[in-house]
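Have a look at the structure below before the remarks.
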Amino acid sequence: MAALCESFTLCGLGPSGGVGLGGGLLALEPGPDPDHVLLTDRGRTATLFKVSDQKPLGCWSVKHGQMITCPVVCNFETHEYIAVQDDKVLRIWKSEDVNLDKVFKATLSADVYRIHALPSGGPVVLFKAGAVRTLDVLLEAPQQEIESIISDEVIKWSEAFMESQQPVLIFTTEKDGNFFVYVQKVKTNSLQKYKLEQQELSKPLNFTACIKNRSITLLCLYSNDSVYKVLIPLQQNNEEEEQILSKSLLLNLSVSGSVLKGTSLVLLDKDHIAVLGSLSTSGEESKECLTIWNTKFQTLQTSKELPLGTSGQLWCYEEKFFFTHGKVLTVLMYKCETSSLAAAVGKLKDSQNPDMSSFVNWNTLGDEELEVSLQSQQSIKSESKMTLRSRKNTAPEAQPDTLSVGQLLQNLKDASTTAFEDELKQLMSKSQMPDLQATIGCVVTALTNRCKTNRMYYPQSFLLQIVQTRDLSYSLCPDLMAVALEKKDLYLLQICLQQFPDIPEKITYTCLKLFLSLSDACLHTIYVDLESVICYIDIDFNNKEVKTEIVENGFNAELEQDMWATKVSKERHSTDGGDFCPVGAQKAALLNAVINAAYSETFLLPHLKNLPAQQAVLFLRYLYYLYVKCSEKINTTLPGIRSPTISQIMDWMCLLLDAHFTVMVMLPEAKELLSNLHKFVRAQVRFYSELNKIEESLRELQRLNHQRDCQTYSIEVLELI
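Shown next as structure tokens:
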């Protein structure tokens, strides 16, 4: 039994996707950690992503005019990354390397088709001429002669396995409509060649394979909407003449009058396969979808419609599907259990239900897919894992007129504002609903869609309630912050920056630019959360400077009382000495939310370079002010809730200086600021250098204090030499 679970967006693929994948995705490979994947685009960039955080950990590019010509892989033994540039140039680097021009480089004597990384045994290199080498052997003599195994044949697919502690590589080739299979044992250098049995009026489109009991099982997806199985023995073939591999029909990709035109095939376990393709029904427009099939009982287990279209590519790692959907790379989790006849028959009954013209779980439907898919759906059952007995027991309780989440939102499309919000609140109150988070994401999407179509409609309090009380993320409601930016809803943006763990760097930069562009006088009338600044900021009351002391418990009663009783006066221009805050309390609180937001330096820096010079100087003044404040206390920690740490402050200062240093050097108003910053940092370095000199003495004192326990009052004089 198999089921599709929740899905989320890993990254964008368009020119504004932020990960350099505008040219399309070449391949996706596992990273050094089970939660990491390596993305290679059809150009010159490779990006390492942490899947659970939907955040890039590193990005590497070759020069303009050069290209990465096969998927970048990770050497699991050394934790190095390997790329092939322009077919012949090997580049090998580690995570801390930034510039690929300065990493290890080796030019080979023949074109590389693909590199396969194995968990043990090291990477294996397959050349376009059919020759195979381990990476270690290849690096001993990069210019060694590479023999030609295939003539006038084109490699279509390849995969590598470990069998009996040695790598085994299988690849398929095509020539004049004939398909061949090669099996290479790398260490023993033994090669077997087979010819695939021809199929009338159809040809193989995609392959996948597994190895078990010294035999390779090759699954072939054919153009006649069928999957065939081919068994290939691993023992050495002593016959000189070419053997023909016979195949057997494993599965017909059709159900209830619908036929799946598959493009990609993935083997999940011994009883389940996943096929990505277009589902065609006579008289209806074809729809792209991802399906899971039970090969043991010849049944369709589950399916998900993909209305925004795909590239036809499908990858599967750690019980997660990866595929392009529209302009994003989507991750869809799944579960497979041991096949049982009861479960398979139960699924078969569902798949033959005439109401199910397509197979979508509305509870896990992605936000951007909602509007497109609703038009073709009439009824859908939950994809929860039930046996046939549990289905039978719960059937009488089901209400025939019960609406799915998607149907309810579609019916509310033209409802009045009051009815619309009341129904959504009632829907969100169902805490027992499966996939509640995905449902709430759909609710937020419905609200933002109405905001786009009706410019006068903006349910600020409702949106705030959802964001503050629900554990949401940017990927669940990607349009929310865009609408808030358009409406200049500063409080909602602040809350989103504080709570969303996966905000794209472009959105973070847009928020920063908006916050800096607003005057303090304008911000005085707007409510924002001041908890991050109330305990340390210096504020000008009635044109009189008031310096607030940072107390150890992070609380100042006089300041808190005055803060709410006194109306803040006009915007004040501060000095560059760091003594007074250059911005008002509201703007400081908003800037703190930006400083605390998660980001990747690689992808934020290009956006920061577009920040206007005056705003960059103002932001640097505020960061310098925070830096001085942190340094006033021994623990270098600002009091208050969600106050920036000294590490975050320094990281942002470095980022800002990297993005605008040349401009700031030329600006007269920034000269004194940079000079003061330089002097302050230099003094800090000298101070910590002096502390390092007495570090060993302090450790010795700590050791002595631990050794003796003075029960009575005493005075001791310790002399440091």
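Using UniProt numbering, the first residue of the sequence shown is number 1, and each one after it goes up by one. Glycine residues also receive a C-beta, built at the ideal position from the N, C-alpha and C atoms.
Quiz item: Which residues in the same chain have their Cβ closer than 6 Å to the Cβ of PHE8, if we skip the five residues on either side of it in sequence?
Solution: These residues qualify, in order along the chain: VAL331 and SER475.
Self-check item: Pick from CYS220, LEU447, ILE649 and ARG91 that is closest to PHE462, judged by C-alpha positions
Solution: Of the candidates CYS220, LEU447, ILE649 and ARG91, LEU447 places its Cα closest to the Cα of PHE462.
Quiz item: What runs of the beta strand (DSSP E), each 3 residues or longer, lie entirely inside the segment 153-217?
Solution: DSSP runs (the beta strand (DSSP E)) wholly in the segment 153-217: 154-163, 166-175, 178-185, 190-196 and 204-212.
Practice problem: If I'm right that ASP87 touches VAL112 with Cβ under 8 Å, what's the distance once you round it to whole angstroms? | Solution: Going by Cβ atoms, the distance from ASP87 to VAL112 rounds to 6 Å, so yes, they are a contact pair.
Practice problem: Return the chain-ordered list of same chain residues with a C-beta closer than 8 Å to the C-beta of THR188, the five sequence neighbours on each side being excluded. | Solution: Closer than 8 Å at the Cβ level, and outside the excluded window around THR188, lie GLN166.
Quiz item: Curious, which full-length alpha helix (DSSP H) runs of at least 4 residues does the segment 600-644 contain?
Solution: For the segment 600-644, whole alpha helix (DSSP H) runs of length 4 or above, ordered along the chain, are 601-608 and 613-631.
Quiz item: Since PHE515 and VAL594 are thought to touch, with beta carbons under 8 Å apart, how far apart are those beta carbons, to the nearest angstrom?
Solution: About 7 Å; that satisfies the 8 Å criterion.
Exercise. Quick one: give me the first and last residue of the beta strand (DSSP E) that ARG42 is part of.
Key: In the DSSP assignment, ARG42 falls outside any beta strand (DSSP E) and carries neither an H nor an E.
Quiz item: For ASN361, does the count of other Cβ atoms within 10 angstroms reach 16, so buried, or fall short, so exposed?
Solution: Note on ASN361: pLDDT 35, under 50, position unreliable in the model; the coordinate value appears next. The residue is buried, with at least 16 neighbouring Cβ atoms inside 10 Å.
Self-check item: Cβ-based neighbour list, LEU497, same chain, cut-off 8 Å, excluding 5 preceding and 5 following
Solution: The residues ILE503, THR508, CYS511, ALA593, VAL594, ASN596 and ALA597, in chain order, have a CB closer than 8 Å to that of LEU497 in the same chain once the five nearest residues on each side in sequence are set aside.
Self-check item: For GLY277: DSSP bridge partner residues
Solution: According to DSSP, GLY277 bridges with GLY262 and CYS289.
Quiz prompt | Segment limits, beta strand (DSSP E) that includes SER226 | solution = Where SER226 is concerned, the enclosing beta strand (DSSP E) starts and stops at 226-233.
Practice problem: Along the alpha helix (DSSP H) that carries PHE104, what are the first and last residues, could you check? | Solution: Where PHE104 is concerned, there is no enclosing alpha helix (DSSP H), although the beta strand (DSSP E) around it starts and stops at 104-107.
Quiz prompt | CYS654, buried or exposed, once every other Cβ within 10 Å from all chains shown has been counted against 16 | solution = The residue is exposed, with fewer than 16 neighbouring Cβ atoms inside 10 Å.
Quiz item: What are the boundary residues of the beta strand (DSSP E) that LYS320 is part of?
Solution: LYS320 -> beta strand (DSSP E) spans 320-325.
Quiz prompt | Coarse secondary structure for CYS70, derived from DSSP in three states | solution = Reduced to three states, the DSSP call for CYS70 is strand.
Quiz item: What are the partner residues of VAL328, as DSSP defines its beta bridges?
Solution: Listed as beta-bridge partners of VAL328 by DSSP are GLY12 and HIS325.
Quiz item: Leaving out five residues before and five after ALA131 in sequence, what residues of the same chain have Cβ atoms less than 6 Å from its Cβ?
Solution: Within the same chain, ALA131 has close Cβ partners ILE146, GLU147 and ILE149.
Exercise. Taking 9 Å as the cut-off, decide whether the C-beta atoms of ILE170 and ILE216 are in contact.
Key: ILE170 is a Cβ neighbour of ILE216, given a cutoff of 9 Å.
Practice problem: Answer yes or no: do LEU39 and CYS11 have a C-beta to C-beta separation smaller than 9 Å? | Solution: Contact: yes.
Self-check item: Sequence-distant residues of its chain with Cβ nearer than 7 Å to residue 723 (five each side left out)
Solution: One cannot answer for residue 723 here, as it falls past the ends of the chain, which runs 1 to 721.
Quiz item: Would ASP97 pass as a contact of LYS63 if the rule is Cβ separation under 9 Å?
Solution: Cβ distance not < 9 Å, so ASP97 and LYS63 don't count as in contact.
Quiz item: With DSSP run on the structure shown, which of helix, strand or coil describes GLU505?
Solution: Residue state, collapsed to three classes: helix.
Exercise. Could you tell me the distance, in whole angstroms, from the CA atom of ALA585 to the CA atom of TYR334?
Key: Taking the straight line joining both Cα atoms gives about 47 Å.
Practice problem: Would you mind sorting ILE539 into buried or exposed? The rule is 16 or more other CB atoms within 10 Å of its CB. | Solution: For ILE539, the predicted model reports a pLDDT of 48, less than 50, meaning its position is unreliable and no value from the coordinates is stated.
Practice problem: Quick one: measure Cβ to Cβ for VAL72 and TYR81, integer angstroms, because I've assumed they're closer than 8 Å. | Solution: Rounded, the Cβ-Cβ distance is 6 Å, consistent with contact.
Quiz prompt | Local Cβ density within 10 Å of GLY31, reported as buried at 16 or more and exposed below that | solution = Its Cβ being crowded by 16 or more others within 10 Å, GLY31 is buried.
Quiz item: Helix, strand or coil: how does DSSP classify CYS535 here?
Solution: Reduced to three states, the DSSP call for CYS535 is coil.
Quiz item: Which class does residue 759 belong to by DSSP, given the choice of helix, strand or coil?
Solution: The structure shown does not extend to residue 759, since the chain is modelled only from 1 through 721, so no value can be given for it.
Exercise. Going by DSSP, name the residue or residues bridged to ASN252.
Key: Note: ASN252 sits in a beta bridge opposite SER226.
Exercise. Tell me whether PRO478 is buried or exposed, calling it buried when 16 or more other Cβ atoms sit within 10 Å of its Cβ.
Key: In the assembly as shown, PRO478 is a buried residue. Its beta-carbon has 16 or more other beta-carbons within 10 Å.
Exercise. Return the CA-CA distance between LYS270 and CYS316, expressed in angstroms with no decimal places.
Key: The C-alpha of CYS316 is placed about 15 Å away from the C-alpha of LYS270.
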